Amino acid sequence: MKQVTWVAAVAALAIIAWLGSGTGGAEDASSPTDGSLFATIAPFNSFGHVHDADNVEAMRPRVMGTHGVISSGHYLATQAGYEVLRAGGNAFDAGVTAGMALKALKMDYAGWTGVAPLIVYSAAEDRVITRVGAGTSPALATLDHFLEHGKSPVNNALIPADIDVWLAALDRFGTRSFSEAARPTLRIAEEGYHLYKMQKWMIEDQMDEILAFPYNGDFWFQNGVGEQRLGDLMVNADLGRLIRYMMAAEEQALAAGATRSEGIRAARDAFYKGDPARDVDRFFREQGGIVRYDDLAGYESRWEEPLGTSFRGYDVYTGDGWSQGPRIILMLNMLENHDLRALGYNTPEYIHLISQVINLAMSDSHRYVGDPDFAPAPEGLYGKEYARERIGLIDDRRAFQDMPPWGDPAAMAAVADGAPTSFVTAGGHGGPDGPARSIDTSSLNVMDAEGNLFSLTESDGHTFTPMIPGWGFGLGNRMGQFNLDPELANVMAPGKRMVFG
């Protein structure tokens with residue numbers, strides 16, 4: 000029986016590395032044999048418990064448990080989810096609670112609101128399923144508009160997906176109300192959290208972009224520009240207002256006899272169809288942007304079957320063409336044609352092979368991968384036969400000097416007729432993509448005692464993208480990742496989900 004795993008696009012590369020390496024132990028060539036401090040503890044195969052200035056291993060204990068596990072990008076979000084598990088909630092209750100908290104704590108990395116691709120395993124349904132976590136482009140986001148006006152922090156705003164994702168997961172798989180799930184985030188927003196090192200660096204690095212929007216500046220520099228210090232209390236009372244507004248909608252529905260599901264829907268509609276959506280419309284009209292009330296009011300995501308492939312006895316699942324996941328499918332299908340263990344972990348040959356496979360997958364992704372509602376993947380793209388054709392382009396002694404030409408899966412051709420052979424100067428369609436220093440994305444993963452799995456990849460920080468005055472949230476800038484070349488699957492179009500990442 001095959002083992003089952005599911006991974007986000009970036010995390011999957013770790014699996015590639017692990018599968019290509021040995022198991023360590025006494026024969027591990029990396030074990031120290033000199034007279035250093037490390038050599039004295041070599042029998043333990045871990046250096047984490049010994050302090051040394053040159054120790055690159057994280058000084059953290061190995062965490063294990065029997066009733067559940069949760070990991071996130073901030074300890075307060077992890078704690079919020081952990082308390083849900085301790086109180087009897089399942090992985091979905093804990094994941095939604097932690098997911099909302101994480102975005103309040105990392106507004107620079109993954110703020111309220113933005114993208115939030117979700118992939119889960121439901122033990123009750125015995126299935127892997129995804130919630131489409133990439134929001135759609137506004138109705139006014141035409142290719143002609145962007146060819147004329149270019150991209151900008153205001154123009155790049157995408158319709159938020161995360162609130163839909165959280166509440167859909169809570170409704171279908173969870174047991175709690177929105178108000179119960181959101182209470183830790185409400186406390187974080189209203190009482191504040193302490194400014195930490197990475198966030199301090201981020202807001203200082205992007206200070207000019209932040210100050211381009213007065214409300215952003217007021218939020219990020221609460222004690223004055225240049226006066227921020229580690230440990231400063233970061234309060235977002237306006238986000239607290241938004242959460243209370245959504246809570247009130249749920250409470251009113253329940254008081255009128257609504258079911259838990261209907262109450263959650265009322266909270267969702269309060270955001271997408273209530274005062275926050277109307278103020279989003281007003282703000283973007285004032286700023287010359289293209290997001291409108293109807294874009295939010297009409298937004299609805301959906302559950303989807305994942306893409307998948309097999310790799311050396313593992314079943315690997317990812318999101319569809321609106322995510323980075325298809326790239327991993329392409330890479331694993333090619334790598335399965337090589338014995339990674341025989342190459343040796345991190346040898347020049349091993350690194351060369353993986354880097355060239357990445358290049359080939361990125362080329363095909365660039366051409367063929369996009370919102371499947373607009374650009375269905377060509378037949379054969381994710382098949383093993385096509386992978387064997389593509390990997391034959393790799394020269395063991397020479398790296399690609401540019402992104403390689405894309406193939407033609409429908410014709411089972413390693414190189415498509417007319418595919419470009421140089422990409423270095425291509426891509427000048429429609430002006431700049433906005434600030435170059437776009438650093439974002441945070442991961443959250445939960446497993447409970449029943450075997451439920453919840454993996455959420457949250458993104459879209461609010462430094463150089465405008466936040467909505469009075470509400471404490473912003474809209475992500477992911478439309479900057481649409482292409483402006485009509486020949487590509489990920490080309491800009493109204494109502495479309497971009498390939499993010």
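Using numbering that gives the first Met the number 0, you'd call the opening residue of the sequence shown number 0 and step up by one each time.
Idealized CB from N, CA, C, for every residue including glycine.
If you're wondering where the values come from, they're calculated on a predicted model, not measured in any experiment.
By Cβ distance, which residues of its chain are closer than 6 Å to residue i, with the 5 residues on each side in sequence left out?
i, result
"Val68", "Met446"
"Pro213", "none"
"Asn482", "Asn489, Val490"
"Phe513", "Limits of the chain in this structure are 0 at one end and 500 at the other, which puts residue 513 out of reach."
"Lys495", "Ser136, Asp370, Phe373"
"Asn444", "Ser70, Ser454"
"Asp407", "Ala415"
"Gly230", "His193"
"Asn215", "Ile209, Met466"
Going by the DSSP bridge assignment, what does residue i pair with across the sheet?
i, result
"Glu457", "Ser441"
"Met99", "Paired residue(s): none; Met99 is not in a bridge."
"Glu303", "Thr129"
"Val490", "Asn482"
"Gly324", "Paired residues: none, contrary to the question."
"Val119", "Ile128, Phe453"
"Gly369", "Beta-bridge pairing links Gly369 to no other residue."
"Ser178", "Ser178 pairs with nothing; no bridge assigned."
"Asp274", "Beta-bridge pairing links Asp274 to no other residue."
"Ala167", "Answer is none; Ala167 lacks a bridge partner."
"Asp407", "Ala412"
"Gly473", "Met466"
"Thr135", "Arg496"
For residue i, name the three-state secondary structure that DSSP assigns.
i, result
"Ser421", "coil"
"Thr141", "coil"
"Arg397", "strand"
"Ala109", "helix"
"Ile69", "strand"
"Leu452", "strand"
"Ile467", "coil"
"Leu380", "coil"
"Met446", "strand"
"Tyr74", "helix"
"Asp92", "helix"
"Arg496", "strand"
"Met574", "For the chain, the structure presents residues 0 to 500; residue 574 sits outside this window and is missing."
"Asp294", "helix"
Within the same chain, show all residues whose beta-carbon is closer than 8 Å to that of residue i, passing over the 5 residues directly before and after it, in chain order.
i, result
"Met246", "Phe177, Ser178, Ala181, Leu185, Ala266"
"Ala448", "Thr65, His66, Gly67"
"Ile328", "Leu306, Gly307, Thr308, Val315, Thr317, Tyr381"
"Ile15", "Confidence is the limiting factor: at Ile15 the pLDDT is only 35, short of 50, which leaves the residue's position unreliable, though a coordinate-based value still follows. Closer than 8 Å at the Cβ level, and outside the excluded window around Ile15, lie Met330, Leu331, Leu334, Leu339, Ile353."
"Ile158", "Gly134, Thr135, Ser136, Pro137, Val290, Asp294, Leu295, Tyr298, Leu474"
"Gly379", "Tyr385, Pro408, Ala409, Met411"
"Thr346", "none"
Between which residues of its own chain and residue i is the CB-CB distance below 7 Å, once the five residues before and five after are set aside?
i, result
"Thr420", "Pro404"
"Leu12", "Note on Leu12: pLDDT 34, under 50, position unreliable in the model; no value is reported."
"Ala100", "Leu75, Ala76, Ala79, Pro183, Thr184, Ile187"
"Glu261", "Ala252"
"Gly391", "Ala413"
"Gly343", "Tyr349"
"Leu286", "Reading off the sequence shown, one finds Gln at residue 286, where the question assumed Leu. Correct list, in chain order: Val153, Pro465."
Looking at C-alpha atoms only, which residue of the options is the closest neighbour of residue i?
i, options, result
"Leu194", "Leu117, Asp107, Asn154, Arg175", "Asp107"
"Asp459", "Gly320, Ala254, Gly479", "Gly479"
"Val234", "Ile242, Met197, Tyr192", "Tyr192"
"Asp274", "Ala255, Gly287, Ile263, Ala248", "Ala248"
"Gly312", "Leu146, Thr462, Asn332", "Asn332"
"Ala409", "Arg477, Pro375, Asp401", "Pro375"
"Asp143", "Pro493, Gln221, Ala103", "Pro493"
"Arg240", "Glu486, Asn476, Pro468, Val498", "Pro468"
"Gly417", "Gly471, Glu486, Val62", "Glu486"
"Ser300", "Val224, Leu84, Asp163", "Asp163"
"Phe399", "Ser362, Met411, Asp439, Gln355", "Gln355"
"Ile263", "Thr346, Asn215, Gly324, Leu166", "Leu166"
"Gly110", "Met497, Ser441, Tyr385, Val498", "Ser441"
"Pro377", "Ala122, Asp363, Glu388, Arg387", "Asp363"
"Trp200", "Ala115, Phe220, Ala97, Gly98", "Phe220"
"Glu303", "Val119, Lys102, Ala103, Tyr81", "Val119"
"Phe310", "Asn336, Arg326, Asp319, Gly288", "Asn336"
"Asp170", "Gly94, Asp237, Leu238", "Gly94"
"Asp439", "Thr112, Met63, Glu82", "Thr112"
"Arg510", "Ala254, Ala86, Ser151, Leu104", "As shown, the chain starts at 0 and ends at 500. That puts residue 510 outside it, with no answer to give."
"Asn476", "Glu147, Phe218, Val131, Ala160", "Ala160"
Quick one: is the Cβ of residue i within less than 8 Å of any heavy atom of the ligand FMN?
i, result
"Asp372", "Of the ligands one can find in the structure shown there are none, so the ligand FMN has no counterpart to examine."
For residue i, would you say it is in contact with chain B, using Cβ-to-Cβ distances shorter than 9 Å as the test?
i, result
"Leu117", "Checking the listed chains, one finds no chain B in this structure; it contains a single protein chain."
inquiry  = Give the list of continuous alpha helix (DSSP H) stretches no shorter than 4 residues that lie fully inside the stretch 182-267.
reply    = 196-204, 206-210, 213-219, 236-254
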